[in-house]
């Protein structure tokens, strides 16, 4: 006697992966320290050149984070037609990233 087998199962259709979010993108920072998002180059500093960052459309602003979630810079959306937004820092002075741990480890001056 031949053993019974399970009946054939219907083929599960391939579900395509979700499309990238319209609000958050992972981008590569160019060698000039700028990242392009929605046709605009946002300067974030040469210290980040070659790194991947998360760029987020936060409504009225564009926020750029490193892959650990540290906010690198936040820019207001520029006027239509703008092609480049500077980071506002002098070329020889990189921006200081900020995150909660920086605030927590900051030494407060002694109180007298």
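Residue numbers (my numbering): 13 to 124. Yeah, the Cβ is synthetic: ideal placement off N, Cα and C, and Gly gets one too. If you're wondering where the values come from, they're calculated on a predicted model, not measured in any experiment.
Nearest by alpha-carbon distance to residue i: which of the options is it?
i, options, result
"residue 35", "66, 60, 90", "66"
"residue 93", "46, 44, 16, 51", "51"
Taking just the CA atoms, how far does residue j sit from residue i?
i, j, result
"residue 6", "residue 69", "Lying outside 13 to 124, the shown extent of the chain, residue 6 is not represented and no answer is given."
"residue 38", "residue 48", "11 angstroms"
Opposite residue i in the DSSP bridges: which residues?
i, result
"residue 69", "74"
"residue 56", "Bridge partners of residue 56: none, in fact."
Between which residues of its own chain and residue i is the CB-CB distance below 8 angstroms, once the five residues before and five after are set aside?
i, result
"residue 84", "56, 57, 60, 65, 76, 77, 78, 107, 109"
"residue 46", "53, 54, 55, 56, 96"
I'd like the list of long-range same chain contacts for residue i, defined as Cβ closer than 7 angstroms, with 5 residues on each side in sequence excluded.
i, result
"residue 87", "54, 73, 74, 97"
"residue 42", "61"
Go through its chain and collect everything with a Cβ distance to residue i's Cβ below 6 angstroms, but skip five positions before and after it.
i, result
"residue 63", "41"
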